[in-house]
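Undergrad: Chains as they are written, first to last, in this note's numbering: chain X, 16 to 164; chain E, 4 to 473; chain H, -14 to 407.
Glycine included, C-beta positions come from ideal geometry on N, C-alpha and C.
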Amino acid sequence: MFEIILLLVKVVFTLVIYLFIFGVIRLIYLDIKSMSISKTDNVGFYPYLKLINQREMLDFKVEENYTLRKSVIIGRNDKNDIVIKDPFISGIHAYIMAEGESVRIKDMGSKNGTFVNGVRLNEGEIIPLKDGDNIKIGHVKFLFVSIGK
Amino acid sequence: MDENRKIIQVLIAICSLFFIIVGYLTYIQLFRSRDFMANTYNRRQYKIEENTSRGNIYDRNGVLLAYSKLEGEEQERIYPYGALYSQVIGYSSKVYGKSQIEAAYNNELLGIDDLSQVFGMVSGSNYPTRKGNNLYLTIDHKLQALGGELLNGRKGAVVAMDPKTGEILALVSSPNFDPGAKKLEENWQSMVESEDAPFLCRAAQGLYAPGSTFKILITAAAIENGMENEVFEDNGSIIIDEREIRNSESKAYGKIDLKKALALSSNVVYAHLGTELGMGSFMDITNRTGFEKEIPFDIPMSKSRFPYESMDKTDLAEAAIGQGKVLVTPLHMAMITSGVANGGIMMEPVLVKSIAHAEGKSNKELKADKLGRIMESDVAEKIRVMMQEVVASGTGHNAAIKGISVAGKTGTAENELSVKKKAKEHSWFVGFAPAEDPKIAVAVIVEYGGSGSEAAVPIAKRIMSQYLSQ
Amino acid sequence: MLGAITYRRPLNLIAAFNIIGYLFLFFSDEPYNWMTLAVGGAATFIICSACLIIIKRNHGDEYLILIVSMLLSVGLMMIYRLDERLGLKQLVWIAVGLGLFFAFYHIYIKVDKWDRFAYVYIALSAVLYLVTLVLGRNINGAVNWIVIGGFSFQPSELCKILFVFFLASYFKNPDNLFLEKYIQDKRLRVLLNKVLLMLVAYCNIGFLVLQRELGTALLLFLTFLLVLYVFSKDLKLFLLNSAFIVPGVIFGYFMFYHLRVRVDAWLNPWADITNKGYQIAQSLFAIASGGFFGTGIGMGRPDMVPAVSTDFIFSAICEEMGIFGGVAVVLLCMLFTYRGIKIVLGLKDRFKKILGLGIVTMIGLQTFIIIGGVIKLIPLTGITLPFVSYGGSSLITSFIALGILQAISNPKFDRAGGEANG
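(1) Which word fits M240(H), buried or exposed, when buried means at least 16 other C-beta atoms lie within 10 angstroms of its C-beta?
(2) Scan the stretch 161 to 207 of chain E and note each continuous beta strand (DSSP E) run of 3 residues or more that stays entirely inside, going in chain order.
(3) So K50(E) is in the alpha helix (DSSP H); what residue range does that whole segment cover?
(4) Along the chain, which unbroken stretches of the alpha helix (DSSP H) at least 4 residues long are found entirely within the stretch 252 to 306 of chain H?
(5) Would you say V312(H) faces chain E, with C-beta separation under 8 Å as the test?
(6) Our contact map puts I36(X) next to L73(H) with C-beta atoms below 8 Å; I'd like the distance itself, whole angstroms only.
(7) Taking contact to mean 3 or more Cβ pairs, one atom from each stretch, closer than 8 Å, check whether the stretch 177 to 187 of chain E and the stretch 199 to 211 of chain E are in contact.
(8) Quick one: which chain H residues come within Cβ less than 7 Å of I43(X)?
(9) So W19(H) is in the alpha helix (DSSP H); what residue range does that whole segment cover?
(10) Hey, quick one: how far does the alpha helix (DSSP H) through P232(H) stretch, first residue to last?
(11) Do L112(E) and L138(E) have their C-beta atoms closer together than 8 Å?
(12) Assign S380(E) to one of two classes, buried (16 or more other C-beta atoms within 10 Å of its C-beta) or exposed (fewer than that).
(13) Could you tell me which chain H residues have their CB closer than 9 Å to the CB of F28(X), listed as they occur along the chain?
(14) The beta strand (DSSP E) that contains R119(X), what's its start and end?
(15) Which residues in the same chain have their Cβ closer than 6 Å to the Cβ of N45(E), if we skip the five residues on either side of it in sequence?
(16) By Cβ distance, which residues of its chain are closer than 7 Å to V215(H), with the 5 residues on each side in sequence left out?
(17) Let's test the definition: count the other Cβ atoms within 10 Å of the Cβ of D7(X) and tell me whether it reaches 16, buried, or not, exposed.
(18) Is R197(H) close to chain X? Criterion is C-beta to C-beta, closer than 8 Å.
(19) Rounding to the nearest angstrom, what Cα-Cα distance links S357(E) and G58(E) in this structure?
(20) Buried or exposed: which applies to G65(E), given that a residue is buried once 16 or more other Cβ atoms fall within 10 Å of its Cβ?
(21) Quick check on S421(E): does DSSP put it in helix, strand or coil?
(22) Suppose only complete runs of 4+ residues qualify. What are the alpha helix (DSSP H) ranges in the stretch 243 to 304 of chain E, listed by chain order?
(23) CB F432(E) to CB G453(E), shorter than 8 Å?
(24) Is there contact here, the stretch 293 to 308 of chain H with the stretch 380 to 396 of chain H, by at least three beta-carbon pairs under 8 Å?
(25) So the candidates are T332(E), G325(E), I10(E), L319(E); which of them puts its Cα closest to the Cα of K306(E)?
(26) Could you compute how far the alpha carbon of I146(H) sits from the alpha carbon of V27(X)?
(27) Can you give, in chain order, each stretch of the beta strand (DSSP E) that sits fully within the stretch 82 to 164 of chain H and has at least 3 residues?
(28) Excluding the five sequence neighbours on either side, which residues of its own chain have a C-beta within less than 8 Å of the C-beta of E116(X), listed in chain order?
(29) Give the secondary structure of T413(E) by DSSP, where H, G and I count as helix, E and B as strand, and everything else as coil.
(30) Buried or exposed for D165(E), going by 16 or more other Cβ atoms inside 10 Å?
(31) Determine the chain H residues that contact L20(E) at a beta-carbon separation under 7 Å, and present them in chain order.
(32) What separation, rounded to the nearest whole angstrom, lies between the Cα atoms of Y273(E) and V382(E)?
(33) Does DSSP put S128(E) in a helix, in a strand, or in coil?
(34) Please report the straight-line C-alpha distance between S268(E) and E231(E), rounded to a whole angstrom.
(35) Does the CB of L21(X) have a neighbour CB from chain H at under 8 Å?
(36) With which residues is G434(E) paired in a DSSP beta bridge?
Structural data, given as structure tokens:
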């Protein structure tokens, strides 16, 4: 009996360490995935979001640029394409649809709203973005830059 | 960006180093850990032993041969039959370590199996007491006791085995010693220094000239070379390259065939046969029957010797009658006899029949493998008939048992004392019974016992008749 | 909710690891030792709050501290199980180390002009070495400790970091560090710089060998080679220094008896098992007895291995947590190296890049050298397993290095700089 309990504890113990390793690897993987969106190599070929805030003023991780190669979801959840850990951003906050040159934005029912040029989007409302638009999500402000700029 | 490429190379290099560590660790665990665990300098072993009640050892019918008794904090190993099994089971002493079965099956007796090794369940010192596994030997206690009784203090060995399964039924060696821990400690020094070598398991490790028992192999070689029906002229002595070889008591048998020559154990005929057959046949038959080879066995066993680089005529003649540089162990001789009895197939000898788990879980049965064919079945059959003739009308007639056909061969082996006429020769007998459907094969040697029929034959007869009457 | 207890929150798993481990230790030994629970609780609290601060305050990369926390937990649990008194001390060292970790994180960011102090690094190392030679105490055959007021300290540990700082200052603007004002001829200056660089490097290594710190010497040499390989444009210089390995090893083998003993013990520890091969044989016995899952914490006999809480802690981990535990430690170190290099790759500032690479490779190689040594893969050299082994000097140095790495990893303070940028 003692040996069985001991074995059980040992296996659980080992499992915990490996779950931990797996968990860290997963987080790093998600991190790298989101980093590939923020790469600046392709600026000019794709529309992108440019951070207006000073990064030093934000106490969470935000990149300077997010390239919009394809449609992306912005939110706090790790599974989103653009993950921003701002407490004022909802789990799934906004959806940016990019189809070639036309880029539109949609609020996904966020708590604190998505603002384009200071105007809050209604839930479900889809608005096309044009060059120079200001987008505010939680504390974060982006400038939208379209192709050809 | 060139630098970043180089940084990635550095990363790959360091990660490979780590993978090498992981690989090496796995290698240690899979392939080396058993050796490390068994190393005598590994003090963890003693800790395991303190926490384990060592398993019992029984004979094939469940007679208890060894067990452990807890005396205060210390465990004591008890051997109810004292010296009788000292060279089979051996001893288990804190001071002097372990020998024979106690050593070879240490892990099983301590209940350390591969699974508990994998799960690391054995090295702990804080474990509650655990129980080891029990062993069942192939030994038949009645035969073993009878063997010990018949040797009656004379130096020698008695081996009995089942020719079809390779199971060892009796493995008696004399002299022997008391394996109890206290006796061992008292007598250790004198036993180590003793000329009688009481620690030597003569049955498996004693090397003797086979004498005329070796003629069985020469007969096989002769039959294989088509000399089965040849008739030989025996004048009682033969001179080969200035070396005279004589029959026992210099008897002349006249014109005799191979069968008769074996029955009468004619040295003249076999010395002649040896020179006829030549070195190639000798090498061939000794190679097939396992001379100069390690034979797998549960306890240490010596290699039988046939150490010729080249053979002149004298060597051939001497080897043919089992003298010269040929040396065998009694166990090997019993195996060769079993091979003849078993239609030419020699079995691997086994000493442990099964391992019984302490908690009464399934028993693990151990089965012997075939070692290989030592001769064609028709050759074996012809030799069997000839060996029957040895007992029916030849030198082995004292081995005859009423109502049972016995096959056998006597042997009289010269030794360093007999050459100087200071002592008698070693007395050999090998045989099996019943001849048509062999159930037991025996090999008996009595050191300085004289001719085969004098000392060895009566012992073999009693062993065989005892086993067959059970 | 389930996510909170599975792999999604690695921090919870660290807490779970500690709780299971210490509870098991507590219940498996009667009479119950309440100190086990106290130490367990304190360890869990200290380690987890350090992680939380880094994550919540967004002080740069969060994975480094997570990985290190797991290593700390494994090490502390093992040390406490081996010797309660040492365990308590180690807990204090961890607390102090974490404090220094945050301190150096902030100091590094505040000071910012680290690349201008190259001469200071050299001078400081020299002073430390000389002090050690004069005041050094012989502990376990190595003259590398100074004892001040009952506190023993190993200055060579600090020299490792100073050396990396020096390398970073040198390679920020390769071959231009020394004699800038005195020698006008550029080619001559570059040549002299290279000579001086090698002089400094080999003086460092030489002092370490004198103090019989073979492991640290080897570590410094390998780090030097790697930095040279990556950041020096002069491939010949790298090859020249690599070529020093062979004569260096032969020279050392015949010059130093203790080196010969180590090599002999590595080649065949069984030949002289009671003497030269004793340590390594005991270590292998411990590793072999663990099986795949180990004997369980507190169930094995790692106390039979000499120096088990420092150099041979990995053997104890293998015995009680099994090969799986040992492999987990190796994987954690690998993950640490990977994450560190990943940070280095993303840096724009050349000084930081060199500094980061130096620190990461140093910690990674140190792990390899000591683990490889205790499993008889390479000759044993006595150094500690970073963040796992017992030892104040080693722990504090590792934490300072980690603090600097953490500061470097914060992208908010990364600015382009240095000669070979872009």
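TA: Looking at the coordinates:
(1) Residue 240(H) sits at position 255 when you count from the first residue of the third sequence. M240(H) should be labelled exposed.
(2) 171 to 177
(3) Position 47 of the second sequence, counted from the start, is the residue given in the question as residue 50(E). Unbroken alpha helix (DSSP H) run through K50(E): 47 to 54.
(4) 263 to 274
(5) Within the third sequence, numbered from 1, the residue matching residue 312(H) stands at position 327. It does: the Cβ of V312(H) has a partner Cβ on chain E nearer than 8 Å.
(6) Taking the first sequence and counting its residues from 1, the one referred to as residue 36(X) is at position 21. Taking the third sequence and counting its residues from 1, the one referred to as residue 73(H) is at position 88. Not confirmed; about 28 Å, so no contact.
(7) yes
(8) As a working note, residue 43(X) is residue 28 in the first sequence. Ordered by position in chain H, the residues that pass the 7 Å Cβ test against I43(X) are Y48, R324.
(9) Here residue 19(H) is taken as the residue at index 34 of the third sequence, counted from 1. That run of the alpha helix (DSSP H) goes 19 to 42.
(10) The residue labelled residue 232(H) in the question sits at position 247 within the third sequence. Start and end: 230 to 240.
(11) The residue you call residue 112(E) lines up with position 109 of the second sequence. The residue you call residue 138(E) lines up with position 135 of the second sequence. Result yes, Cβ atoms of L112(E) and L138(E) sit closer than 8 Å.
(12) Position 377 of the second sequence holds residue 380(E). The residue in question, S380(E), is exposed, as its Cβ has fewer than 16 Cβ neighbours within 10 Å.
(13) Within the first sequence, residue 28(X) is the residue found at index 13, counting from 1. What F28(X) touches in chain H: F2, I5, G6, F9, F278, G279, G281, I282, M306, G310.
(14) Along the first sequence, read from residue 1 onward, the residue named residue 119(X) stands at position 104. Unbroken beta strand (DSSP E) run through R119(X): 117 to 122.
(15) By one-based count along the second sequence, residue 45(E) stands at place 42. Contacts found: none.
(16) Looking up residue 215(H) in the third sequence gives position 230. L342.
(17) Residue coverage of chain X in this structure runs from 16 to 164, which leaves residue 7(X) outside it and unanswerable.
(18) Walking along the third sequence from the start, residue 197(H) turns up at place 212. So no, R197(H) is outside the interface.
(19) As a first step, residue 357(E) is located in the second sequence; it is residue number 354 there, counting from the start. As a first step, residue 58(E) is located in the second sequence; it is residue number 55 there, counting from the start. Rounded to the nearest angstrom, the two C-alpha atoms are 13 Å apart.
(20) Mapped onto the second sequence, residue 65(E) falls at position 62. By the neighbour-count rule (16 or more Cβ atoms within 10 Å), G65(E) is not buried but exposed.
(21) Along the second sequence, one-based indexing puts residue 421(E) at 418. Of the three classes helix, strand and coil, the one that applies to S421(E) here is helix, per DSSP.
(22) 261 to 267, 270 to 291
(23) Counting from one through the second sequence, the residue named residue 432(E) turns up at place 429. Counting from one through the second sequence, the residue named residue 453(E) turns up at place 450. No, the Cβ-Cβ distance between F432(E) and G453(E) is not below 8 Å.
(24) no
(25) Numbered from 1 along the second sequence, position 303 holds the residue referred to as residue 306(E). Minimum Cα distance to K306(E) is reached at T332(E).
(26) In the third sequence, the residue the question calls residue 146(H) occupies position 161. In the first sequence, the residue the question calls residue 27(X) occupies position 12. Distance between the alpha carbons of I146(H) and V27(X): 38 Å.
(27) 122 to 124, 127 to 133, 136 to 138
(28) Your numbering for residue 116(X) matches position 101 in the first sequence. Within the same chain, E116(X) has close Cβ partners P62, S161, I162.
(29) Looking up residue 413(E) in the second sequence gives position 410. T413(E) falls in the strand class under three-state DSSP.
(30) As a working mapping, residue 165(E) is identified with position 162 in the second sequence. Burial call: buried.
(31) Residue 20(E) sits at position 17 when you count from the first residue of the second sequence. Ordered by position in chain H, the residues that pass the 7 Å Cβ test against L20(E) are F353.
(32) Here the question's residue 273(E) lines up with position 270 in the second sequence. Here the question's residue 382(E) lines up with position 379 in the second sequence. For Y273(E) and V382(E), the distance between alpha carbons rounds to 18 Å.
(33) As a first step, residue 128(E) must be located in the second sequence, where it is residue number 125. Note that S128(E) scores a pLDDT of 48, beneath 50, so its modelled location is shaky and nothing firm can be said.
(34) Locating residue 268(E) in the second sequence gives position 265, where the first residue counts as 1. Locating residue 231(E) in the second sequence gives position 228, where the first residue counts as 1. Rounded to the nearest angstrom, the two C-alpha atoms are 16 Å apart.
(35) To locate residue 21(X), count along the first sequence from 1; it is residue 6. True, the Cβ-Cβ gap to chain H drops below 8 Å.
(36) On the second sequence, residue 434(E) is found 431 positions in, with the first residue counted as 1. DSSP, once it has assigned bridges, lists G411(E), V445(E) as partnering G434(E).
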